[in-house]
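Here's the structure we're looking at; comments come further down.
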Amino acid sequence: MRDLDDTVTTTGTAGDDVLTGSARNDEITALGGDDVIVLRGGADTVFAGDGDDFVAGGGGRDSLRGQDGEDVLRGGSGADTLLGNRDDDLLYGDNGDDRLDGGAGRDRLRDGNGRDTLIGGAGADRFVLRDDGSTDRINDFEDGHDLIVLPDVSGFGSLTVTEISGGRVRVEYGGDRLVLTGADGPLEVSDITADDFLF
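Just so you know, we're using the numbering used here here: the sequence shown kicks off at 83 and counts up by one.
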């Protein structure tokens, strides 16, 4: 561990590590193994490395990056960036205006409180959105391939689907809005059916 420009740098081992951040800005590289990384304050950067890793963000604006392996990345209270990279990953936005990018694989992305941007990447992904009164975005929705999970909504009839500018579609439910951008071109209202959702 070394201190450079108020950043604490930590490198793990090739085995299974438990690494804890500090109250300052951390840069943690975990290497191999199934690692557990828990952050605290500061604007932190984590490179989780290979293995099935668990990373929990802290109170700052964090960047959490998985690699090979089925990773679980959980943001904290800041505006975080989560990148699953390869394999089937689980990403939680938690609080703040977060950006979640699953990368390759069949990923599960769950928003939190805030205006979140979700990108599934390659693979059949699931986007889980809770009712938090905000506007979220899915920037690469693949109709007939990806699924949107709305556990707080009773069914497709409770949705209002509208075409908006830029070849996008807006889905409204309760006090929430979801803006969909197609992965393969413009979307129309007719593209969005009950088969795209789980309730």
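Note that CB positions come from ideal geometry on N, CA and C, so glycine has one too.
Per DSSP, reduced to three states, the secondary structure at Val253 is strand. Shown here for Ser240: same chain residues with a beta carbon closer than 7 Å to its own, the five before and five after excluded, namely Tyr255 in chain order. For secondary structure counted as the beta strand (DSSP E) over 3 or more consecutive residues, the region 150 to 187 holds these complete runs in sequence order: 154 to 156, 163 to 165, 172 to 174, 181 to 183.
If you look at Ile274, you'll find it isn't in any beta strand (DSSP E); DSSP assigns it neither H nor E.
The shortest C-alpha to C-alpha distance from Arg212 to any of Arg143, Gly203, Val251, Asp258 is the one to Asp258. Under DSSP, Phe209 takes part in a beta bridge, and its partners are Leu191, Ile230. Within the same chain, Asp150, Gly151, Glu152, Gly187 come within 7 Å of Asp169 by CB-CB distance, once the 5 residues on both sides are set aside.
Gly196 and Ser236 have their alpha carbons spaced roughly 22 Å apart. In this structure, Val251 lies away from Leu232, with their beta-carbon atoms at least 7 Å apart. C-alpha of Leu191 to C-alpha of Leu200: approximately 7 Å in a straight line. Around the CB of Val137, 16 or more other CB atoms lie within 10 Å, so the residue is classed as buried.
One alpha carbon belongs to Asp266, the other to Glu224, and they sit about 7 Å apart.
C-alpha of Leu173 to C-alpha of Gly166: approximately 7 Å in a straight line.
In this structure, Arg208 lies near Leu229, with their beta-carbon atoms less than 7 Å apart.
Secondary structure of Phe223 (DSSP, three-state): strand. Under the three-state reduction of DSSP output, Ser247 falls in the helix class.
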